[in-house]
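Residue numbers (our numbering): 116 to 560. For every residue, glycine included, the Cβ atom is placed at its ideal position computed from N, Cα and C. Step one of this worksheet: look at the structure below.
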């Protein structure tokens, strides 16, 4: 029986009372939390166990990155300072057309490496490729498996002619067949699942969306898709379907607790009401929305309605959920001119328990509570930018960064400690990425 006692200056539980235990500890048995409490008490109670004494640190739930794109990490900083569709057409799509299995595998490892280093233990990774390279998803999945992260991969698709390059188009039959292949190969015994969903209604036909949506609901997997990311997209969806994004998805029967409305920048009051009525999830990606000048998502309105909100980094340039928490808080405050519109506690919940709930994992992860899996991030708080430390939750949201992460555990297993990886080889991954990037640029040109 594997037993581990993790001690630190503060244990931030993110339980229903947002309890914080000063000079606290977490006792883990076989990957699950058996007890929490004062460190001195637990150390006296449990003898002859391994002790991880983190010193001046905050012990907190592992972060949940609810939306990102691992295959874009190989394309980091390509085509910046452009509108969304220009960025895709001029830089991203040409690169994706020539990416292969090895590119996808190493790009995935790079992204997962960075997420682990910055305290994320669970990811929703949105992937898509050209129609003639279906095996690329297997490269991403293999990388995900080797990373030991928890979460989901969303295999996106395009099947509507008009706005997307022909190379990305697939038939409905191909998409359904691929969904079944992926489900059979990967959705057994791993810490992650792979779902299939439209990248965006702009590029998808109604009947395919309805059919894949029904499959995902039957399999208990998320319907995770880009929604109303910009006003121009909303107008185009209206021209295609005669209704807005959320209304169209509602008509097709996709709304429900497993529906992830990603970005959701340009939603109407009625669409927000539909998300709430169906217990659907809004995934907020503040830095991506800012870089692409997409706009500011109606987070205050969604929060007031009680819609579940989770946070994601998206693919734009850094995978640091601490950065995302701070930006999400500040953006809402400045956009509403209300400093009390959102609290550090609310933002931390968006990055932990809300993300877990969006995947149906809130009984297992997302907070530090007895019986849950020990997915834990340990944040060192002995630097000048943490001192003095009056409120550990405010410190997490407003002062900390991914660079402060000292240790990461997934299901009680230490996968990152003292800023060293216990399984992944960062030198090899970075070297391979540089090689792949140079070769990729030659193939594009």
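- Shown here, residue 124 sits in coil according to DSSP, grouped into three states, outside any helix or strand.
- The beta carbon of residue 484 is closer than 8 Å to those of 128, 130, 148, 151 in its chain, skipping five residues each way along the sequence.
- Taking all protein chains shown into account, residue 517 has 16 or more neighbouring C-beta atoms within 10 Å of its C-beta and is therefore buried.
- Here the alpha carbon of residue 183 sits roughly 15 Å from the alpha carbon of residue 473.
- Distance between residue 490 and residue 177, taken at the CA atoms: about 5 Å.
- Listed in chain order, the alpha helix (DSSP H) runs fully inside the segment 147 to 202 are 154 to 160, 199 to 202, counting runs of at least 4 residues.
- In the DSSP assignment, the residues bridged to residue 377 are 341, 398.
- Contiguous alpha helix (DSSP H) elements confined to the segment 196 to 276 occur at 199 to 202, 208 to 213, 216 to 232, 251 to 262, taking only those with 4 or more residues.
- When only Cα atoms are considered, residue 528 and residue 146 end up about 7 Å apart.
- Using a Cβ distance threshold of 8 Å, residue 227 and residue 271 do not count as a contacting pair.
- Between residue 401 and residue 446, the CB-CB gap stays under 8 Å.
- The shortest CA-to-CA distance from residue 286 to any of 404, 322, 461 is the one to 322.
- Here the alpha carbons of residue 121 and residue 274 stand approximately 50 Å from one another.
- One thing to note: residue 305 has its Cβ no nearer than 8 Å to the Cβ of residue 230.
- Residue 310 has 269 as its beta-bridge partners, per DSSP.
- A contact is defined here as three or more CB-CB pairs under 8 Å, and the segment 188 to 195 fails this definition with respect to the segment 243 to 257.
- Between residue 341 and residue 315, the C-beta gap is smaller than 8 Å, which places the two residues in contact.
- Remark: fewer than three beta-carbon pairs, one from each stretch, lie closer than 8 Å, so the segment 403 to 414 and the segment 154 to 172 are not flagged as touching.
- About 15 Å separates the beta carbons of residue 234 and residue 462, which is beyond the 8 Å limit, so they are not a contact pair.
- Between the C-alpha atoms of residue 382 and residue 412 there is a straight-line separation of about 8 Å.
- The beta-bridge partner set that DSSP reports for residue 142 consists of 120, 150.
- Burial of residue 457 is indicated by the presence of at least 16 other C-beta atoms within 10 angstroms of its C-beta.
- About 10 Å separates the CB atoms of residue 377 and residue 360; that is not less than 8 Å, and the two are not in contact.
- Each residue's CA atom was taken as its position, placing residue 139 and residue 396 some 33 Å apart.
- Inclusion of residue 262 and residue 539 in the CB contact set at 8 Å is warranted, their separation being smaller than that value.
- Within the same chain, 178, 180, 235, 466 come within 6 Å of residue 436 by CB-CB distance, once the 5 residues on both sides are set aside.
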